[in-house]
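When the letters of the sequence shown are read in order and numbered with this note's numbering, they come out as residues 57 to 135.
Glycine included, C-beta positions come from ideal geometry on N, C-alpha and C.
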Amino acid sequence: LGSLEDDVALFSESNGRFVVTVARSDAASFSDRLPEKSCRRIGHVTEDQRLRIHRGEAELVDEPLATLRQRFKEGLHDA
57 LGSLEDDVAL FSESNGRFVV TVARSDAASF SDRLPEKSCR RIGHVTEDQR
107 LRIHRGEAEL VDEPLATLRQ RFKEGLHDA
């Protein structure tokens with residue numbers, strides 16, 4: 057993600073990418089089973105019902121999940 061623009065890093069897709077949820081207690085074992093640099097931790101689950109996305113020290117997103125869910129359901133009616 058290093059040199060990619062924020063929008064490309066957040067939304068680009070390519071073949072062979074998967075998002076996997078792993079319990080914290082299993083994270084080291086999971087990554088140890090994969091070839092070097094083939095996986096990377098991109099976040100963690102919290103109980104505060106918000107989506108927060110940071111890139112380095114910059115905060116890119118901080119929104120309540122309820123707001124994001126509603127926006128998704130509404131779609132792009134005004135676009």
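Quiz item: Looking at the structure shown, is A114 part of a helix, part of a strand, or coil, going by DSSP?
Solution: strand
Quiz prompt | Anticipated Cβ contact below 8 Å, D118 with R108, distance rounded | solution = 5 Å
Quiz item: What is the rounded straight-line gap between the Cα of P91 and the Cα of V101?
Solution: 24 Å
Practice problem: From the DSSP output, in three-state form, read off R106 for me. | Solution: strand
Quiz item: Does DSSP classify E130 as helix, strand or coil?
Solution: helix
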